[in-house]
Amino acid sequence: MLTLAWTILWIPFIAAVLITLFLLNKPRAAGWLATGVLFAGFICTLRILSHAQFESLNHSPLESSIVWLSLGGHGVIEFGILLNGLSILMLLIVTGIGSLIFLYSISYMKEDKSAGRYFACLSLFAFSMLGIVLANNLVQVFIFWELVGLSSYLLIGFWYEKDSAAMAGKKAFLTNRVGDIGMMIGILLLFHQIATNHIGSVNFLTLEGRLPHAGISEGMLAAISLLIFCGVMGKSAQVPLHVWLPDAMEGPTPVSALMHAATMVAAGVFLLARLYFLFAASPSALHIIAWIGVVTAFLAGTMALVQNDIKKILAYSTLSQLGYMVMAIGLADRNAGMFHLTTHAFFKALLFLAAGSLIHGMHTQDIWEMRRFPKTLKHMLVTSFTFLMGTLALMGIPPFSGYFSKEEILSAATHGPKLLLIIALSVVFLTAFYMGRLCTIVFFSQTAKEEHHHAHESDGFILFPLAVLAVFSIAGGYLPIKEILGHSAHAAAHHGGNLLAIISVSLGLIGFGTAFLVFRKAQGPVLGENSFPSIVLDHKYFFDELYDDLIRYGQESIATFSDAFERHVVVQFASNGTASAARSLGQLLSRLQTGVVQFYALVFAVGVTVLVFLLMLR
Amino acid sequence: MILLLPWIPFLAAFLIMLAPREKEFLHKQIAVTSCAVNFAIVLWLIFHFHPEVPGYQFAHRYPWIPFLGIHYQVGLDGINMTLCLLHALVSFTGAIVSCWPKDRMKEYLCFYLILTGAIYGVFTALDVFQLYLFYELTLIPLYPMIVIWGSKNKAYGAMKLTLFITGGAMLALFGILILYRNLGLQSFDLLEMRKNIEILPMNPGTVHGLAGIFLVGFGVIASLWPLHSWSPIGYAAAPTSVSMLHAGVLKKMGPYLMLRLAVALLPDGVHYWANTLAVLSCVGILYAGYAAVKQQDLKFMIGFSSVSHMGYILLAIAVMNQATLSGAVLLMFSHGVMAATTFACIGFIYEQTHARGVNDFGGLAKKIPFISTCLIMASFASLGLPGFSNFVAELLIFFGSWSQYPIIVSLAIFGVFITSLYLLRMVKSVCYGAENPRWSLLHDARTIADKLPFVILLGALMLFGFWPQGLLRMIQPAVGALLS
Amino acid sequence: MMNLRYLLPEWVALGVFILLLIAEILKGDVKHPDAQNIRSFCITSLLGSILVCISTLLFLKKTGTAFGDSFIVDPLSAFFKLFFILTLFMMIPISYAFFNKRRERLETFLLILWCTLLGMFFLASANDLFVLFLCIEIITLSFYIMAAYLKHELPSIESGLKYLIIGSLASAFLVFGIALIYAAVGSTNLPVLHQAFVAHPGDRMLVLGMLFIIAGLGFKIGAVPFHLWVPDVYEGAPIPTVAFLSVGSKAAGIFVLLRLLFQVFVLTDSQRALLFSTLSALTMICGNFGALKQTSLKRLLGYSSIAHAGYLLIGFAVGYSGGITGVLYYLLAYAAANLTIFLVMAIVDRHLQSDRIEAYAGLAQRSPILGACFFIALLSLAGVPGTAGFFGKFLILLAAVHGGFLWLTLLGLVGVVVSLYYYLSVVRVIYAEEPAYDEAIPVPLSYRLTLILLVGGIFVLGLFPAPFLLGCYHTAFMLFQTPLS
């Protein structure tokens, strides 16, 4: 079983290396190699799934590791594999959805001649994502954490000729790096605590075993968990560090589907689940996490209302769903969070791929241009149909998987503070509203169709993944997630089941209905340009402007100061100063050489008298 | 075998001097083969190096000036084995790079080989006088190389670099003389000095003073904060292979000599200065990082970035425990290789475009994919991305020094963020973005000779990034012996 | 009593001198000197100097007195005789290179050189204060003539005149000192003087006399208060004279100071330390910092010779055998480097017609061997490792640290950095600047051999110093061991 896990981890890396060395200018071969490799990984995961007894696995997970780095007396850092229910679930998501998206992108990137490099980066991403999922200690997670950041940088900035893509890549990497600073300091703090209480190593099993009675103070635990949560905020784009995700849409759509919907952003939530014992040990940290989650959900929901780019709307909806997952874990219900993560992976990947197919067909990303194509429902039947099913799943309409996972989270929210529950429910309405707005404008709008020719349907390679994902987004709710994850220690009994379900479903339907009515006839954005909400929402609550000013006045000013200090004080004053002082002393001395012999004789005589005085009379 | 290391380049330089002037290809062949032979010798030495054996291996000792107790003594332990490997790598690739077309190639190769031989001398020497002799000998070929073949304000840069480092070397010589007198041992042998100090330690006042002198003396070439201003100007003025060799290897002699003389002989002296050194290194990291953000010239930016990276090494020396010192040696190795690669890339572009401004380029990834990938990989190695040995070294240093200086380490981690800020900005404006029509006729590294240096350097970085034990199994026992 | 066999080297030197004199009178033709004649003249003087050198080597280990002990042979005198004859051996090619195609006669110049050599030999073995003064005057007088040798060029005459005036002032102080001491002691024999000094060290007359003698010698070495003549004379005088002045005359001054200070005068350690450390500090500062702004190469070498005098004086301030070994070794290193530079300058002088540093632009391109030798000699003067200069400075500074003169050592080290500045600026001019006209400078085989000999000397003294170090230590050790009783 463990050898299978090792192969799953390493074959994408080997594929990436092979592609970079040999297949860079043979895109089709590179595409099929990458997809084949990931699909093989998916088959191996199914084999692991088939003969893994989840009961025993969750209590005594399988682990195999080698010593990667000895810290000389401080402890040892290992490099290994940890297999338990959680990692197998994530394996399923990453390899399953991953291979579908790889398949999809073979035809999506058909005419792009640098597709070889694209597939190399995708395999590198798969390798690093699998690294996070299978890692058995915190440092190894951090290593793959940064590698995922690197692959997202390469993939967002894939079309680097476009300045905006290059800027977006840089922005994503730097924001992740800000989060990583916090995480690194958290790891160091944890390691210091471990070293003093000689727990010995950072891997999860020993930590989980020894942490409770290691006697680390509650405040320190809260500090450590919040610092590690910084890393999660960076990666899963929670509020203060969320600015990079909407710009990340510059990358190709399959990248947005794979990374910025299904897997990469979920890495943060996965880490929360993996380190759940640490977070659970400090309730105050959990409380803050919950609030950050719900605030992200709400803000992202409102921002999605005014977006005109289809991928941006989906990006903000991912942000708000991530807020939901973080809130769920913040409310001490790990399984609800992971359940929603799984279902969200399915329908959000479906939405992105369908949107990609729409963009491919209509050659535009702006929903108002899409509106002008006549009878898209008929001409792009499969894409539109799967898109609508994805939307329904996202809104949480009963038969679809979204309903079950959202119910879990909402019932978990009932235990939290009342205001939290109200905001969570309002987000349900917001989600339904902006998805409704999108669907009505693109599919159901009755305004005149200026576009004479109609959009053409994409080919088989694109439609097959859509169909598979549509099936999963329907059946996702019934997957035995609970058994795989194993009951978390204190899964709260869910009561008030159906009352909450009725409220949330009705809220969803009302949201979709109002959006349908408002936008059925609309030609352009409904809200006035300068009305207060549209200004605030258009500027995305001024986060970008805030950060730009922060950098311009904070960073740049320090940089100009140090550069000026360097140029004037250190170079001009210190080194040139001493040099010119030496030269002026030389000048003074050479003035003594008057060339007049009598003067020399005088100095000679004075010198002798001074000598005599020095020795004789003193 | 180890004795040959410094003398093969000197012999090659002599041969080139004799060879007729117009046979330029012959000169290049002699230079590259001599560096290749040294590279092979170092690999052979590594292969035959047993890390578990304590003390110095391949040791030889010949009387040189018995009157003063000076011996020509050579030997390798884990630390200088790693640094010899670093120097073998950088000098071999530097030799290939210095074969790029330039005028008066014959003199250039002579000076280059003398510089290489002198550095091998430093890394293999075990006698303090011999160590110091080779250390100052490296200064001599540097000056004419920068003055004749340099680029922007080369006279000022060369003079400033030489005077700063000579000033530091003089201070170190002052320390060595006092050490020699106080020990009263009539011998310059490092091992005997070590044993003697353990038996009858000197009075604390001299120990603190001496440690201060050594730290400042060697701090100049290690670009300790207030004494760093020669490094960016020197590198901007130097030709490509000189700045490769200087940023890659010469800068690492400062911390190496600090380890050999200050940490090994005067540990409590270094403890005494630890706080000031840590604060200065932290200021160096942030200050140089921010200064690099504002630079318009690529070589200046890389010069400041190497000053900032040396800050980590000095921080590690200040903390002085097993983990940080092995991290420091690993960072010396990886930063050396990384700086050499970056300068090689910038040099490659500069050879053809004679432009070095950060905003002069754009969209080079399209025109010269190989070189820009190497530049991007080197920049990512520099900002501490896992998969390169820089990250492992920085990890070791942070883990080791967190208990003693938590605030400084957090600021250092913030320093890593600043590095990623200006490096990514550089990558974006040089490699990405719209294609700059000015450089339409730029050609990429086509032949093997062009590609080989980059492949070797980046290969070494990634090899020890994935398998750090390869170097650490040599470094850690040596550092343990140093500290015990 | 008369045991003339100790005087063998002097006899041989005198013989060669007379031979050359006769050859000059018989064959010398002032109107149109033929090259063949000059070459044979030089070869005979070269052979003569080798003969003298061998004869001095015979007496290396012996000690003894002659002429009623006013002539002494001891390791110190043997060391310096060897030093003087080797310098002369190197002076011949320098003067030959300088005087070809010049109006002035080379033969008479060589004769004066031999005359100075005789003066130096007798100085080395002088055991009597009066004989000492006599030899010093012979040397100084012949330097007047050599300085003003180029009759038709104004700067040479000006430098000769200046040297004459200041030189005679120094001799006046010297004589005044000797007179005072003679008045106090009644004899001029050095051992007798030594007893007198030991008997009553604090005596005013003796100390005053001693100080005046030291002042007179200070002129010869170029120590600070007495150094002002050095730059002007070095700039004006012809290159061979400057070479011999900077090496021979300075070494003679150092010798007399060694002989008197450590074998005759009795100075408490603290007094000597105070006197010489102030002298050396001032000399180093003036020499190094003065040289920063120089544009003429000979004037720069003048200041650099002052700076090197400063380093030599550190050895005197330290005093014990380590310090003196340093002084002797430093002298060897200094001589080797200076002679190389002056040989290169003499060879190049005909092609450049000016001694400004800019005129030397691109020398390395016009003739790589001259450029390389010039570069190595400058490095040795700067004290860069691998060359003789470094080991000389290392020994002196090591002795200074042992003697406890920490701030003096620091000043010396700062001096090295400053000297590196002006030496490397010359290197930059030679290597990096474009030459005014590009035709190569021919370097005939004889000069190449001498250059290789000198540069080889620099490297051997720098890298394999053990045998020479033992020689110097032996001389220094004997200096303290055998008072001249």
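Residue numbers (numbering that gives the first Met the number 0), protein chains in the order written: chain A, 0 to 617; chain B, 0 to 483; chain C, 0 to 484. Using N, Cα and C, we set each Cβ at its ideal position, and we do this for glycine too. Owing to the predicted nature of the structure, the values given are computational and were not obtained by experimental measurement.
Continuous alpha helix (DSSP H) stretch holding residue i: start and end
i: Trp401 (chain B); result: Ser388 to Trp401
i: Ala124 (chain B); result: No alpha helix (DSSP H) holds Ala124 (chain B); DSSP gives it neither H nor E.
i: Met15 (chain B); result: According to the sequence shown, residue 15 (chain B) is Ile rather than Met. Residues Leu3 to Leu17.
i: Arg4 (chain C); result: It is not in any alpha helix (DSSP H) - Arg4 (chain C) carries neither H nor E in the DSSP assignment.
i: Met369 (chain A); result: Ile366 to Arg370
i: Lys159 (chain B); result: Lys153 to Leu182
i: Arg27 (chain A); result: Pro26 to Ser49
Three-way DSSP call (helix, strand, coil) for residue i in this model
i: Gly168 (chain A); result: helix
i: Ile69 (chain B); result: strand
i: Phe143 (chain A); result: helix
i: Phe560 (chain A); result: helix
i: Ile64 (chain B); result: strand
i: Asn188 (chain C); result: strand
i: Ser356 (chain A); result: helix
i: Asp443 (chain B); result: coil
i: Ser425 (chain A); result: helix
i: Arg193 (chain B); result: helix
i: Asp543 (chain A); result: helix
i: Met0 (chain A); result: coil
i: Gly356 (chain B); result: strand
i: Asp188 (chain B); result: strand
i: His334 (chain B); result: helix
i: Pro251 (chain A); result: coil
For residue i, the residue or residues it bridges with in DSSP
i: Asn136 (chain A); result: A:Asn202
i: His59 (chain B); result: B:Val73
i: Arg355 (chain C); result: C:Ser295
i: Ala65 (chain C); result: C:Phe70
i: Asp162 (chain A); result: None; Asp162 (chain A) has no bridge partner.
i: Asp537 (chain A); result: DSSP output for Asp537 (chain A) lists no bridge partner at all.
Limits of the beta strand (DSSP E) - the one that residue i falls within
i: Phe341 (chain C); result: Not the beta strand (DSSP E): Phe341 (chain C) falls in the alpha helix (DSSP H), residues Ser320 to Leu351.
Contacts of residue i in chain D (Cβ-Cβ under 7 Å)
i: Tyr95 (chain C); result: In the structure shown, chain D does not exist; the protein chains are A, B and C.
Which runs of the beta strand (DSSP E) spanning at least 3 residues fall entirely within the stretch 52-128 of chain A, listed in chain order?
The stretch 52-128 of chain A is shown to contain whole beta strand (DSSP E) runs of 3 or more residues at 61-69 and 75-82, in chain order.
Quick one: complete alpha helix (DSSP H) runs, 4+ long, within the stretch 122-153 of chain C?
You should have 128-146.
Using a beta-carbon distance cut-off of less than 9 Å, what residues from the stretch 409-424 of chain B approach chain A?
Of all residues in the stretch 409-424 of chain B, the ones placed with a Cβ closer than 9 Å to any Cβ belonging to chain A are Ser409, Ile412, Phe413, Val415, Phe416, Ile417, Ser419, Leu420, Tyr421, Leu423 and Arg424, in chain order.
Contact set between the stretch 399-420 of chain C and chain B, restricted to residues whose Cβ is under 7 Å from the partner:
Listed by position along the chain: Val400, His401, Thr408, Leu409, Leu412, Val415, Val416, Leu419 and Tyr420.
What are the residues in the stretch 161-177 of chain C lying within 8 Å of chain A by C-beta distance?
Here the close residues are Lys161, Ile164, Ile165, Leu168, Ala169 and Phe172.
Please name the residues in the stretch 202-235 of chain C whose beta-carbon is closer than 8 Å to at least one beta-carbon of chain A, in chain order.
Listed in sequence order: Arg203, Val206, Leu207, Leu210, Phe211, Ile213, Ala214, Gly217, Phe218, Val223, Pro224, Phe225, Leu227, Trp228, Pro230 and Asp231.
Listed from N- to C-terminal order along the chain, which residues in the stretch 584-611 of chain A have their beta-carbon within a distance smaller than 9 Å of any beta-carbon of chain C?
Identification of residues in the stretch 584-611 of chain A having a C-beta nearer than 9 Å to some C-beta of chain C yields Leu584, Gly585, Gln586, Leu587, Leu588, Ser589, Leu591, Gln592, Thr593, Gly594, Val596, Gln597, Phe598, Tyr599, Ala600, Val602, Phe603, Ala604, Val605, Gly606, Val607, Val609, Leu610 and Val611, given in sequence order.
Residues of the stretch 134-166 of chain B with a CB closer than 7 Å to any CB of chain C: list them in chain order, please.
Legend: CB atoms of the stretch 134-166 of chain B lying less than 7 Å from CB atoms of chain C belong to residues Glu135, Leu136, Ile139, Tyr142, Pro143, Val146, Ile147, Ala154, Met158, Thr161, Leu162, Thr165 and Gly166.
Enumerated in chain order, which unbroken segments of the alpha helix (DSSP H) with a length of 4 residues or greater are wholly contained in the stretch 281-327 of chain B?
Within the stretch 281-327 of chain B, the runs of alpha helix (DSSP H) that reach at least 4 residues and sit entirely inside it are, in chain order, 297-318.
Within the stretch 300-348 of chain A, note down every full beta strand (DSSP E) run reaching 3 residues or more, in order along the chain.
Segments of the beta strand (DSSP E) lying fully in the stretch 300-348 of chain A: there are none.
Within the stretch 382-434 of chain A, note down every full beta strand (DSSP E) run reaching 3 residues or more, in order along the chain.
Taking only runs of at least 3 residues, no beta strand (DSSP E) segment lies wholly in the stretch 382-434 of chain A.
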